[in-house]
Structure formats: structure tokens, C-alpha cells
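Asks:
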Amino acid sequence: MSTPPAGKLPLPELAAMKRRGDKIVMVTAYDSPGARFAEDAGIDIVLVGDTAAMVVLGHEGTTVPVTVDEMLFLTRTVARQSRRPLVVGDMPFGSYQVSDEDAVRNAIRFVKEGGADIVKLEGAGTMTSRARTIVESGIPVMGHIGLTPQSATMLGGFKTQGRTAEAARRLVFDAHALEDAGCCSLVLEAVPAPVAARITAELTIPTIGIGAGPDCDGQVLVYHDLLGLTEGHLPRFVKRYANLSREIRDALEAYAADVRSGAFPGEEHTYEMPAEELAAFESH
Ligand code: KIV
2 MSTPPAGKLP
12 LPELAAMKRR
22 GDKIVMVTAY
32 DSPGARFAED
42 AGIDIVLVGD
52 TAAMVVLGHE
62 GTTVPVTVDE
72 MLFLTRTVAR
82 QSRRPLVVGD
92 MPFGSYQVSD
102 EDAVRNAIRF
112 VKEGGADIVK
122 LEGAGTMTSR
132 ARTIVESGIP
142 VMGHIGLTPQ
152 SATMLGGFKT
162 QGRTAEAARR
172 LVFDAHALED
182 AGCCSLVLEA
192 VPAPVAARIT
202 AELTIPTIGI
212 GAGPDCDGQV
222 LVYHDLLGLT
232 EGHLPRFVKR
242 YANLSREIRD
252 ALEAYAADVR
262 SGAFPGEEHT
272 YEMPAEELAA
282 FESH
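The opening residue of the sequence shown carries number 2 in our numbering; numbering runs sequentially from there.
1. Looking at the unbroken alpha helix (DSSP H) that takes in Gly147, where does it start and where does it end?
2. Per DSSP, what kind of secondary structure is Glu71 in: helix, strand or coil?
3. Closest to Ile140 by C-alpha separation, out of Pro275, Cys217 and Asp91, would be which residue?
4. My assumption, with CB atoms under 8 Å, is that Gly116 sits in contact with Val88. Please give the rounded CB distance.
5. Considering Ile119, what are the terminal residues of the beta strand (DSSP E) in which it resides?
6. Compute every distance between the C-beta of Gly229 and the non-hydrogen atoms of ligand 1, then say whether any falls below 6 Å.
7. Please name the residue or residues paired with Asp91 in a DSSP beta bridge.
8. Could you name the residues that DSSP lists as bridge partners for Ser262?
9. Please find out if some non-hydrogen atom of ligand 1 comes closer than 6 Å to the beta-carbon of Phe47.
10. Within the present structure, is the beta-carbon of Ile211 separated from the nearest heavy atom of ligand 1 by less than 6 Å?
11. Rounded to the nearest angstrom, what separates Thr149 and Lys113 at their Cα positions?
12. For the beta strand (DSSP E) containing Ser186, list its first residue and its last residue.
13. On the three-state DSSP scale, how would you describe Val99?
14. Please confirm whether Glu190 and Ile211 have their CB atoms less than 7 Å apart.
15. Can you tell me which of the three DSSP states Gly210 falls into?
16. Suppose the cutoff is 6 Å on Cβ atoms and the five residues either side in sequence are ignored; what does the same chain contact list for Gly50 look like?
17. Just the Cα atoms here: how many angstroms apart are Leu228 and Asn244?
18. Using three-state DSSP, classify Gly219 as helix, strand or coil.
19. Starting from the C-beta of Ala108, find all residues in its chain whose C-beta is less than 6 Å away, skip the five residues before and the five after it, and write them out in chain order.
20. Secondary structure at Ile46, three-state DSSP: helix, strand or coil?
21. Hey, is Asp32 close to ligand 1, as in C-beta under 6 Å from one of its heavy atoms?
22. By DSSP, does Met128 sit in helix, in strand, or in coil?
23. Taking just the CA atoms, how far does Ala104 sit from Arg131?
24. For a test of the three-state rule: what should DSSP assign to Thr303, helix, strand or coil?
25. With C-beta atoms as the reference, is Gly163 less than 7 Å away from Leu172?
26. Does the beta-carbon of Ile46 have 16 or more other beta-carbons within 10 angstroms, so that it is buried, or is it exposed?
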């Protein structure tokens, strides 16, 4: 692999990568080690996703409760460590639905306080207007259609979207609307591969798939899912590249056993003092 040029990946490079057929790699990150690992692995885009609600903050099965302030804290942490990858701040539920003005105000917070390069919001329809207004204020926007977890209740759960011809055509329409609104790229989540392939072929902006097949211009996975930190049910679209939860459990159990048996700390973990100082210390 050749060494990438120093400095932030220029935003127009995403569209150029699509034109060249170079796949875009995106992963979520929520903290400084995650951001550092992503940077060192040559990841193009780091998404501080509102999946933080579930994988970091412990909310079960929903992204809805995470707040703007919580997302800003995480985004700032990731942005601080990310020199090359573009950092996407995921706008949480409630931060852009109320009005265009509110959406711009919160998007500005993600850039100024969070250090995000791009903001992401879910949905089309009215949300297309939010995307357009944020772009007009000078902030790049990544769209997100298909399975949009913030509206999972309305969608009837975490389900594949666009499985009928009519629903698929609606997704194609929404994708064009978001491109026309000025989005710089588009996440396609849990949509049939042929639908994602059609959208990808018709748009000039890159698509980033998650459960959307191989023809998207890039792929994204949630850090905790791909590293095996998530326990329990995983969506079909996740490929696990490690089993870190097993490693962490084993390590913590070994540590606890060592402390209880006295095997830790050993001499090599212990500080000494000069013999004469020790003698003086112990003399009274
Ligand atoms: O919040 C998130 O992590 C996301 C990805 C699943 C695309 O939106």
C-alpha cells in the first residue's frame, strides 16, 4: 500500500474516488483509541454515529435517546485524533427535525464545537430541505436513507427497506432529491443490493452501503460490530473481523484471578527505594 499524502482528505476526493472506482472505506468511532486505529488503518471517513447510544451509552435497541451534547463530546474526541480521515458528526434525533433553522444551528455546533468536517442526517422528504439548508450554510451533508434507525418505530422495526418495486422506486427518488439538495454522499442502509446498485449508478455523489450489497461506492460498519465487541444478535450485514469481547473478558478474568491470588503485582511492577533511605524510613 502506498503512503497516503499528509493532511485532511479533501472532500472532492470522495467524488473523485467514485469516478475512479476506488472504494471508500468508512467506519464508526466514538473515542480516541478508535479514531487512532482508524487513522492508522488508512480509513477514509470516520463516522461518529448515533449508534453511540447503543454501543457506548448502553441504550438498548435504539439510537433515539442520545443528545446533541453527548454526540458533541464524542465527535470532539474523535476529531482531535483524526488528521487524514474526514470526520462525520451524526446529528441525533431531535436535532434537525423541528425546522431548517434549528437544523442549521445544530449543524454549526457539530462543526464549531465538535470539529466535524461533515454532518449526517437521516431521511428524505422534509429532511431534504434540512439537508439543502445546511449545505447552503456551508456545511457538507451526508444523507442516509433505507433503514433509518431514528425512525425505526415508524418503519416497523429494524427491517430491510425498499423490497417492493414501489418502495425501491421511492428510494431512488429520495436519493436523487438528496443529491439535488447538495449532499456530498449518501448512506444506504439495509436495502436490497440491486436497488443500491441502481442508485449508485444513477448518482454522481458516492454511496456508502451498510447492508446494501457490493456495488455501493463504499462501505461502512459499526466499530463494535466488526471488532466483535457487540455481543448478542448482529444484523446479517455485519462481518466480524475480530472477537475482542472474548479477549477482553479473558483478560479481565485473568487480572481478577491474579489480584485475588497475589500473582499481581509482581516485582517487575513494583517500585524500589535506595537501601539507606529504606533503612532510615524503617528506623522510626
Ligand atoms: O450511527 C451509525 O453508526 C450509522 C451507521 C450505521 C451508518 O448511522
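For glycine and all other residues, C-beta sits at the position ideal for the given N, C-alpha and C.
Replies: Concretely, from the data shown:
1. Reading the sequence shown from its first residue, position 146 is the one you call residue 147. Here Gly147 belongs to no alpha helix (DSSP H); instead the beta strand (DSSP E) covers Val142 to Gly147.
2. On the sequence shown, residue 71 is found 70 positions in, with the first residue counted as 1. Glu71 sits in a helix when the DSSP states are folded into three classes.
3. Numbered from its first residue, the sequence shown carries residue 140 at position 139. Per the Cα distances, Asp91.
4. Within the sequence shown, residue 116 is the residue found at index 115, counting from 1. Within the sequence shown, residue 88 is the residue found at index 87, counting from 1. Beta-carbon to beta-carbon, Gly116 and Val88 are separated by about 7 Å, close enough to satisfy the 8 Å threshold.
5. Taking the first residue of the sequence shown as position 1, residue 119 is located at position 118. Ile119 to Lys121 is the span of the beta strand (DSSP E), which, as asked, contains Ile119.
6. Taking the first residue of the sequence shown as 1, we reach residue 229 at position 228. For ligand 1, not one heavy atom lies less than 6 Å from the Cβ of Gly229.
7. Mapped onto the sequence shown, residue 91 falls at position 90. In the DSSP output, where bridge partners are listed per residue, Asp91 has Lys121.
8. Within the sequence shown, numbered from 1, the residue matching residue 262 stands at position 261. Beta-bridge pairing links Ser262 to no other residue.
9. Within the sequence shown, residue 47 is the residue found at index 46, counting from 1. Contrary to the premise, residue 47 reads as Val rather than Phe in this sequence. Not so, every heavy atom of ligand 1 lies at least 6 Å from the Cβ.
10. Here residue 211 refers to the residue found at position 210 when the sequence shown is read from its first residue. Correct: Ile211 has its Cβ closer than 6 Å to ligand 1.
11. On the sequence shown, position 148 is the one that residue 149 refers to. On the sequence shown, position 112 is the one that residue 113 refers to. Going by the C-alpha atoms only, they are around 26 Å apart.
12. What you label residue 186 is simply residue 185 of the sequence shown in a count that begins at 1. If you look at Ser186, you'll find it in the beta strand (DSSP E) that goes Ser186 to Glu190.
13. Indexing the sequence shown from 1 puts residue 99 at position 98. Here Val99 sits in coil by DSSP.
14. As a first step, residue 190 is located in the sequence shown; it is residue number 189 there, counting from the start. As a first step, residue 211 is located in the sequence shown; it is residue number 210 there, counting from the start. Their beta carbons are under 7 Å apart, which means Glu190 touches Ile211 by this criterion.
15. Here the question's residue 210 lines up with position 209 in the sequence shown. Strand at Gly210.
16. As a first step, residue 50 must be located in the sequence shown, where it is residue number 49. Taken in chain order, the residues that qualify are Thr29 and Asp91.
17. Along the sequence shown, one-based indexing puts residue 228 at 227. Along the sequence shown, one-based indexing puts residue 244 at 243. Rounded to whole angstroms, the separation of the alpha carbons of Asn244 and Leu228 is 6 Å.
18. Position 218 of the sequence shown, counted from the first residue, corresponds to residue 219. Strand, per DSSP.
19. Position 107 of the sequence shown, counting from 1, holds the residue named residue 108. The beta carbon of Ala108 lies closer than 6 Å to those of Val120, Ile135 and Ile140 in the same chain, with the five residues before and after it left out.
20. Locating residue 46 in the sequence shown gives position 45, counting from the first residue. The answer is strand: DSSP assigns Ile46 an E or B state.
21. Here residue 32 refers to the residue found at position 31 of the sequence shown. No, the Cβ of Asp32 stays beyond 6 Å of every heavy atom of ligand 1.
22. Taking the sequence shown and counting its residues from 1, one reaches residue 128 at position 127. Looking at Met128 - three-state DSSP - the assignment turns out to be helix.
23. Numbered from 1 along the sequence shown, position 130 holds the residue referred to as residue 131. Numbered from 1 along the sequence shown, position 103 holds the residue referred to as residue 104. Within the model, the alpha-carbon separation for Arg131 versus Ala104 is close to 6 Å.
24. Missing from the structure shown is residue 303; the chain here goes from 2 to 285 and no further.
25. Numbered from 1 along the sequence shown, position 162 holds the residue referred to as residue 163. Numbered from 1 along the sequence shown, position 171 holds the residue referred to as residue 172. With respect to the 7 Å criterion, Gly163 and Leu172 are classified as neighbours on the basis of their beta carbons.
26. Taking the sequence shown and counting its residues from 1, the one referred to as residue 46 is at position 45. Around the beta carbon of Ile46, 16 or more other beta carbons lie within 10 angstroms, which makes this residue buried.
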